[in-house]
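Trainee:
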């Protein structure tokens, strides 16, 4: 019965092209998942705190977070998630184009679970998304929420 | 008888009387004689006394005369007609001036120069008319040189109080005068010297003023220059900042849409390869290739613009060890191409920014391998020479060489001498080298012969 439960993934990504690419990559994946896409930081908090139109939103099993976000940027959002007792156990994967050392360091200091740079090549991008899925949703053992 | 007797008697009486008379008279005479003797004696005494007095007077007069005559001052007495009544000793050299010649003559008749004559007459006039003293100074030419006298004119009064004569006592003051003149001359000299000094001081002040003015001008120019420089520097800094920010933003923001182009063309290819014909696949290939190349260009541009933004920390670094690191970084390409790397033993330890030096070596060696001859194994020699205050590094290869006419183009960003088909790369490597070298205060150039190889040189200032 447990296998039938869909894995809930929250993708916080302002670029619809990248969002779609992630979606496409996950489509090819082995795991049945339910990908929720939000396009800015505020929408993301609404989703996570089940506010406004996200009253019925599920608790995500994995968050994929871009850093360059409108309204509230990725690092702020990351900090909020990681200090919240109910949310901090959700693995957060940073997926960004920023190669900046500062961004990498700040992300880990704010307890990001991993930091990945969006690959240029589409095949590599697919591989990266698939490996996120595979690692965090099949290999890693997480606490039961 | 009576007569006779009486007569005798009478005679006798008469005689007796006469005798008495005679006696009296004799006594009187005796008395007179003694009186005469006394008178004579008195007379004699008086005569002696007056003789003595006369003698005394003569002596005293002689003494006075001696005093006057032996007095070194010239003493003369004049009457109301300005005639000499007396002169103690005349000036020896003035003509016709013996004592006898002078007395009775007027001053004018003595033959003094006219100015002295009038001066004397003026003094005499004053003394006779006012009854007061007057002192003047005169200079008399004697034997060609001037003798100076101070003449004091004094009135001598008659019993009725009028001025009877005038006395002139002339005291020679030539020495004093000459001394004073000397002093005056000296003073004058001093004054002249002082004036000269003052003049020089004034000149100095003026020169100083000029210097001061020049200095002020220079300072103004300097201040202006400094202002201009600091303005320009600020402008340049701002422009550099803007540029590097622009480059970063541009490359960052350009990446996003570019990734979309490349990703979705690739996705298209991936998903629909079998449904498309060969042309469509070619087109997709070019689109993907273009997007990927553009991405590389953007990355290179970002790297290039980041060079100026780096804060360089200068440390003592061993250039040989840097070279070792480069070899490790380029291990694969070096091995794949069977490259021989030779370095001379005098690669220095120097004060430099390690990253900069590493970048330059790496780019130049990569470049040398890239442009190797197809038939010959690449051989790269790295060496260094100390030249004045610079280290001159060289990276020499046996590659295809470069046409020297393209010397300057080689260092321009994205300028390529070969087609992308023959040699990969965006053509940024050497521009990055040039930028790093120049930002570190050095220069970069090369010497090359086509088909014989190229030597790149770059300098690093020696810092202590």
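Residue numbers (this note's numbering), protein chains in the order written: chain A, 856 to 1000; chain B, 368 to 831. Glycine residues also receive a C-beta, built at the ideal position from the N, C-alpha and C atoms.
(1) Determine the DSSP secondary structure at residue 782 of chain B, reduced to helix, strand or coil.
(2) Is there at least one Cβ from chain B nearer than 8 Å to residue 872 of chain A's Cβ?
(3) Listed in chain order, which residues of the region 593-627 of chain B have Cβ atoms closer than 9 Å to some Cβ of chain A?
(4) So with CB distances below 8 Å, who are the chain A contacts of residue 725 of chain B?
(5) If you measure from the beta carbon of residue 928 of chain A to each beta carbon in chain B, is any gap under 8 Å?
(6) If you measure from the beta carbon of residue 676 of chain B to each beta carbon in chain A, is any gap under 8 Å?
(7) Along the region 964-981 of chain A, where does the CB come closer than 8 Å to a CB of chain B? Name the residues.
(8) State the Cα-Cα distance for the pair residue 571 of chain B and residue 686 of chain B, rounded to the nearest angstrom.
(9) Going by other Cβ atoms of all chains shown within 10 Å of its Cβ, with 16 needed for buried, is residue 896 of chain A buried or exposed?
(10) Between the region 632-644 of chain B and chain A, which residues of the former have CB atoms less than 8 Å from a CB of the latter, in chain order?
(11) In or out: residue 778 of chain B buried (at least 16 other Cβ within 10 Å) or exposed?
(12) Alpha carbon to alpha carbon, how far is residue 935 of chain A from residue 950 of chain A?
(13) Output yes or no for whether 8 Å exceeds the beta carbon distance between residue 962 of chain A and residue 930 of chain A.
(14) Would you kindly work out how many angstroms separate the C-alpha atoms of residue 827 of chain B and residue 716 of chain B, rounded to a whole number?
(15) Can you pull the DSSP bridge partners for residue 530 of chain B?
(16) Starting from the Cα of residue 491 of chain B, find the closest Cα among B:518, B:471 and B:478 and give me that residue.
(17) Give the interface partners of residue 952 of chain A over in chain B, defined as CB-CB distance under 9 Å, in chain order.
(18) Assuming residue 516 of chain B contacts residue 537 of chain B (C-beta within less than 8 Å), just tell me the rounded distance between them.
(19) Quick one: is residue 672 of chain B near chain C, going by C-beta distance under 8 Å?
(20) Should residue 808 of chain B go down as buried or exposed, given a rule of 16 or more other Cβ atoms within 10 Å for buried?
(21) Whole-angstrom Cβ separation of residue 920 of chain A and residue 892 of chain A, contact assumed at under 8 Å?
(22) From the beta carbon of residue 890 of chain A, is the nearest beta carbon of chain B less than 8 Å away?
(23) Using the beta-carbon count (16 or more within 10 Å), is residue 868 of chain A buried or exposed?
(24) Based on the DSSP output, what are the partners of residue 826 of chain B in its beta bridges?
(25) Taking residue 879 of chain A as the query, report the chain B residues whose CB atoms sit under 7 Å from its CB, ordered along the chain.
(26) Should residue 1002 of chain A go down as buried or exposed, given a rule of 16 or more other Cβ atoms within 10 Å for buried?
(27) Taking DSSP as the reference, what is the three-state secondary structure of residue 443 of chain B?
(28) Between the C-alpha atoms of residue 821 of chain B and residue 776 of chain B, what's the straight-line distance to the nearest angstrom?
(29) Does the structure place the region 632-640 of chain B close enough to the region 963-978 of chain A that three or more beta carbon pairs sit under 8 Å?
(30) Suppose contacts are defined by Cβ-Cβ distances below 8 Å. Is residue 797 of chain B in contact with residue 730 of chain B by that definition?
(31) Is it right to say residue 405 of chain B is buried, meaning 16 or more other beta carbons lie within 10 angstroms of its own, or is it exposed?
(32) Is there a Cβ from chain B that is less than 8 Å from the Cβ of residue 903 of chain A?
(33) Under a CB-based cut-off of 8 Å, is residue 659 of chain B close to chain A?
(34) Rounded to whole angstroms, what's the CA-CA distance from residue 542 of chain B to residue 500 of chain B? Just pull it up for me.
(35) Are the C-beta of residue 924 of chain A and some C-beta of chain B separated by less than 8 Å?
(36) Just checking: is the beta-carbon of residue 876 of chain A within a distance shorter than 8 Å of some beta-carbon in chain B?
Mentor: Quick answer:
(1) Locating residue 782 of chain B in the second chain gives position 415, where the first residue counts as 1. Correct three-state label for residue 782 of chain B: coil.
(2) Working through the first chain from its first residue, we reach residue 872 of chain A at position 17. Residue-level contact check: residue 872 of chain A touches chain B, since one or more beta carbons of chain B fall below 8 Å from its beta carbon.
(3) Taking 9 Å as the Cβ-Cβ cut-off against chain A, the residues of the region 593-627 of chain B that qualify are 619, 622, 623, 624, 625, 626 and 627.
(4) Walking along the second chain from the start, residue 725 of chain B turns up at place 358. Under the 8 Å cutoff, chain A gives no residues; its nearest Cβ is about 18 Å from residue 725 of chain B.
(5) Stepping through the first chain from its first residue, residue 928 of chain A is reached at position 73. With a threshold of 8 Å between beta carbons, residue 928 of chain A makes no contact with chain B.
(6) Here residue 676 of chain B is taken as the residue at index 309 of the second chain, counted from 1. Any answer about residue 676 of chain B is weak, because its pLDDT of 48 lies below 50 and its placement is not dependable; what the coordinates show is given next. In terms of beta-carbon proximity, residue 676 of chain B stays away from the interface with chain A, with every pair separated by 8 Å or more.
(7) Those residues of the region 964-981 of chain A that come within reach of chain B (Cβ to Cβ, closer than 8 Å) are 973, 975, 976, 977, 978 and 980.
(8) Indexing the second chain from 1 puts residue 571 of chain B at position 204. Indexing the second chain from 1 puts residue 686 of chain B at position 319. If you take the alpha carbons of residue 571 of chain B and residue 686 of chain B, they lie about 58 Å apart.
(9) As a first step, residue 896 of chain A must be located in the first chain, where it is residue number 41. With 16 or more other Cβ atoms from the protein chains shown falling within 10 Å of its own Cβ, residue 896 of chain A counts as buried.
(10) Residues passing the 8 Å Cβ filter: 633, 634 and 637.
(11) Translated into the one-based positions of the second chain, residue 778 of chain B becomes position 411. Taking every protein chain shown into account, the CB of residue 778 of chain B has 16 or more other CB atoms within 10 angstroms, so this residue is buried.
(12) In the first chain, counting from the first residue as 1, residue 935 of chain A sits at position 80. In the first chain, counting from the first residue as 1, residue 950 of chain A sits at position 95. In a straight line, the C-alpha of residue 935 of chain A is about 18 Å away from that of residue 950 of chain A.
(13) Locating residue 962 of chain A in the first chain gives position 107, where the first residue counts as 1. Locating residue 930 of chain A in the first chain gives position 75, where the first residue counts as 1. In this structure, the beta-carbon distance from residue 962 of chain A to residue 930 of chain A falls below 8 Å.
(14) Position 460 of the second chain, counted from the start, is the residue given in the question as residue 827 of chain B. Position 349 of the second chain, counted from the start, is the residue given in the question as residue 716 of chain B. So the two alpha carbons sit approximately 12 Å from each other.
(15) Counted from its first residue, the second chain places residue 530 of chain B at position 163. Answer is B:524, bridged to residue 530 of chain B.
(16) If you number the second chain from 1, residue 491 of chain B lands on position 124. For the residues B:518, B:471 and B:478, the minimum Cα distance to residue 491 of chain B belongs to B:518.
(17) As a first step, residue 952 of chain A must be located in the first chain, where it is residue number 97. Neighbours of residue 952 of chain A on chain B, chain order: 619, 622, 623 and 626.
(18) If you number the second chain from 1, residue 516 of chain B lands on position 149. If you number the second chain from 1, residue 537 of chain B lands on position 170. Contact holds; Cβ gap of about 4 Å.
(19) Going by chain labels, chain C is absent from the structure shown, which instead holds the protein chains A and B.
(20) For the purposes of this step, residue 808 of chain B is taken as the residue at position 441 of the second chain. That one is exposed.
(21) Taking the first chain and counting its residues from 1, one reaches residue 920 of chain A at position 65. Taking the first chain and counting its residues from 1, one reaches residue 892 of chain A at position 37. The pair is not a contact, with the Cβ atoms about 12 Å apart (cut-off 8 Å).
(22) Translated into positions along the first chain, residue 890 of chain A becomes position 35. So, not an interface residue.
(23) The residue labelled residue 868 of chain A in the question sits at position 13 within the first chain. Result: buried.
(24) As a working note, residue 826 of chain B is residue 459 in the second chain. Residue 826 of chain B is bridged to B:759.
(25) As a working note, residue 879 of chain A is residue 24 in the first chain. What residue 879 of chain A touches in chain B: 634.
(26) Only positions 856 to 1000 of chain A appear in this structure, which leaves residue 1002 of chain A out of reach.
(27) Along the second chain, one-based indexing puts residue 443 of chain B at 76. DSSP places residue 443 of chain B in strand when its eight states are reduced to three.
(28) Sequence index remark: in the second chain, residue 821 of chain B carries index 454 (1-based). Sequence index remark: in the second chain, residue 776 of chain B carries index 409 (1-based). Separation of residue 821 of chain B and residue 776 of chain B (C-alpha to C-alpha, rounded to the nearest whole angstrom) is 15 Å.
(29) The answer is yes - the region 632-640 of chain B touches the region 963-978 of chain A, with three or more Cβ pairs under 8 Å.
(30) Counted from its first residue, the second chain places residue 797 of chain B at position 430. Counted from its first residue, the second chain places residue 730 of chain B at position 363. Yes, the Cβ-Cβ distance between residue 797 of chain B and residue 730 of chain B is below 8 Å.
(31) If you number the second chain from 1, residue 405 of chain B lands on position 38. Residue burial annotation: residue 405 of chain B is exposed, with fewer than 16 other C-beta atoms found within 10 angstroms of its C-beta.
(32) Reading the first chain from its first residue, position 48 is the one you call residue 903 of chain A. Closer than 8 Å: no.
(33) Counting from one through the second chain, the residue named residue 659 of chain B turns up at place 292. Yes, residue 659 of chain B lies at the interface with chain A (some Cβ there is under 8 Å from its Cβ).
(34) Your numbering for residue 542 of chain B matches position 175 in the second chain. Your numbering for residue 500 of chain B matches position 133 in the second chain. Whole-angstrom Cα-Cα distance: 25 Å.
(35) Counted from its first residue, the first chain places residue 924 of chain A at position 69. It does not: the Cβ of residue 924 of chain A has no partner Cβ on chain B nearer than 8 Å.
(36) Counting from one through the first chain, the residue named residue 876 of chain A turns up at place 21. Chain B contact via Cβ: present.
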